[in-house]
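This report refers to the structure that appears directly beneath it.
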Amino acid sequence: MPKLYSSNYILKVLRQKGFVFISQKGSHIKLRKFGKTTLTVIVPAQRKEIPLGTFKSILRQAHLVEEDFKI
């Protein structure tokens, strides 16, 4: 089974990849990356482990691969 990442770690990696904080509503944080196309990613806040399906959805939204998150 693949490693599960915390929301804090996912937010840290996304910020390193150029995403910026836009807003927070409840327990969800909205990040955007501006460029040729604007990418928007929603990340659950303050979770110890993000479920695998949610993590894969974040990867698709951010146009990233799991190797970008390797420690």
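Heads up: the sequence shown is residues 11 to 81, going by the numbering used here. The beta carbon of each residue, even a glycine, is placed where N, CA and C say it ideally should be.
For this session: Apply the 10 Å Cβ neighbour rule to phenylalanine 31 and answer buried if 16 or more other Cβ atoms are within range, or exposed otherwise.
Result: exposed
Problem set entry | Helix, strand or coil at serine 16 [DSSP, three-state] | coil
Problem set entry | Buried or exposed (CB count within 10 angstroms, at least 16 for buried), alanine 72 | buried
For this session: Please go through the segment 27-81 and give each complete alpha helix (DSSP H) segment of 4 or more residues, from N-terminal end onward.
Result: 62-72
Problem set entry | Identity of the residue in Ile20, Ser67, Lys66 nearest phenylalanine 29 by Cα | Ile20
Problem set entry | CB of leucine 14 within 7 Å of CB of leucine 41, strictly | no
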